[in-house]
Amino acid sequence: MKEEEWKKKELIGAVLYAIAFYGLIVHRSLQLSRGSLSFFFVILFLFWLLIFALQCNY
Numbered sequence: 001m002k003e004e005e006w007k008k009k010e011l012i013g014a015v016l017y018a019i020a021f022y023g024l025i026v027h028r029s030l031q032l033s034r035g036s037l038s039f040f041f042v043i044l045f046l047f048w049l050l051i052f053a054l055q056c057n058y
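The opening residue of the sequence shown carries number 1 in the UniProt record's numbering; numbering runs sequentially from there.
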C-alpha cells in the first residue's frame, strides 16, 4: 500500500514538473510573440492535461 502511495505522489510530482516546464517554455515564447489569445488556449490546454492525468491515475 505504501508503494502505491509513493507511485501516486511521484506521478503527481512528475505531472506538476512537466506543467511547470511547459508553462515556462510557453511563457518565453509568448513574450516573444505577444499573443494573448494563444496564451488563453495554452492555459486551457494545461488545465485539461492536468485533469486528464489525475483521472487516469484512479
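Idealized CB from N, CA, C, for every residue including glycine.
As the structure is a computational prediction, the values presented were derived from the model and not from experiment.
Cβ neighbours of residue 22 within its own chain (closer than 8 Å, five residues either side excluded): 46.
As the crow flies, the alpha-carbon of residue 2 is around 26 Å from that of residue 49.
Of the candidates 55, 54, 20, 56, the residue whose Cα lies closest to the Cα of residue 42 is 20.
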